[in-house]
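Chemist:
Written out as structure tokens, the structure reads:
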């Protein structure tokens with residue numbers, strides 16, 4: 074063939090495998106740290122670094138690991154203080170840990186949504202066509218992801234918490250990979266209701282990350298949970314830092 078072939082590609086990353094270079098459509102981020110800095114050492118421990126490689130589990134292909142380390146860099150506060158902090162969110166992301174009881178599960182909406190397989194964000198459906206505003210691509214491949222909203226209460230106040238895929242899988246004790254068919258999801262709704270009702274009136278540790286980016290979501294939906302554990306750990310085991 075004497076003609077030149079021009080290939081145009083977006084959202085690709087270059088990977089090396091067995092000495093050869095490949096183009097991958099899976100979006101990834103390379104993080105480089107200076108290990109001599111004490112704060113970096115804490116972050117590396119939090120991210121479970123093994124052999125210099127950061128292991129961040131993807132719920133698209135890895136089941137939730139209930140034995141994963143509960144992050145030790147958050148401030149433990151009551152819900153009332155969390156609400157106050159969210160009203161004056163700083164430019165820098167802040168982390169908080171809440172010990173609270175699930176007093177209500179929102180059953181008015183489905184526990185799942187259709188997401189773009191690349192960015193995991195909710196897709197928009199218009200008849201037979203779908204689109205992803207984040208990736209800016211038409212008719213992206215679709216996966217199902219969990220989204221569960223609960224009301225959590227402690228001695229100080231009550232607030233709505235939203236658990237997405239990995240954290241919702243912890244409550245449901247199953248993965249979204251088990252429900253990649255919409256008909257199966259609808260037929261299993263009652264089972265999911267039962268699983269969530271078992272979580273009622275139980276105490277959990279909830280980790281919350283506050284940023285300017287999620288401030289609007291907090292006002293509309295509730296606090297997004299970045300990690301969750303049932304309250305069977307002692308405070309010394311969790312090594313939470315007091316204010």
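Numbering (the numbering used here), first residue to last: 74 to 316.
In this text, a Cβ means the ideal position worked out from N, Cα and C, and glycines have one as well.
1. For residue 235, list the residues DSSP reports as bridge partners.
2. By alpha-carbon positions, which one of 206, 237 and 302 ends up nearest to residue 272?
3. Is it right to say residue 112 is buried, meaning 16 or more other beta carbons lie within 10 angstroms of its own, or is it exposed?
4. For residue 229, which residues from the same chain have a beta carbon less than 7 Å from its beta carbon, with the 5 sequence-adjacent residues on both sides left out?
5. At what residues does the beta strand (DSSP E) containing residue 188 begin and finish?
6. At a cut of 8 Å, does the segment 187 to 196 reach the segment 163 to 174 through at least three beta carbon pairs?
7. To the nearest angstrom, report how far apart residue 285 and residue 292 are at their CA atoms.
8. Excluding sequence positions up to five away, which residues of its chain have a Cβ less than 8 Å from the Cβ of residue 265?
9. To the nearest angstrom, how far is it from the Cα of residue 50 to the Cα of residue 235?
10. Which of helix, strand or coil does DSSP assign to residue 211?
11. Express the C-alpha separation of residue 304 and residue 167 in angstroms, rounding to a whole number.
Modeler: Reading off the structure:
1. The count along the chain shown starts at 1 and reaches residue 235 at position 162. DSSP lists 222 and 297 as partners of residue 235.
2. Within the chain shown, the letter at position 199 stands for residue 272. The shortest C-alpha separation from residue 272 is found at 302.
3. What you label residue 112 is simply residue 39 of the chain shown in a count that begins at 1. Residue 112 should be labelled exposed.
4. Within the chain shown, residue 229 is the residue found at index 156, counting from 1. Hits under 7 Å: 151, 152 and 153.
5. As a first step, residue 188 is located in the chain shown; it is residue number 115 there, counting from the start. Counting along the chain, the beta strand (DSSP E) containing residue 188 begins and ends at 185 to 189.
6. no
7. One-based indexing of the chain shown puts residue 285 at position 212. One-based indexing of the chain shown puts residue 292 at position 219. Between residue 285 and residue 292, the C-alpha separation is close to 12 Å.
8. Here residue 265 corresponds to residue number 192 of the chain shown, with the count starting at 1. Excluding sequence neighbours, residue 265 sits near 184 and 245.
9. Shown here, the chain extends from 74 to 316; a query on residue 50 therefore has no answer.
10. Within the chain shown, numbered from 1, the residue matching residue 211 stands at position 138. Note: residue 211 maps to strand in three-state DSSP.
11. Here residue 167 refers to the residue found at position 94 when the chain shown is read from its first residue. Here residue 304 refers to the residue found at position 231 when the chain shown is read from its first residue. Their backbone Cα atoms lie some 22 Å apart in a straight line.
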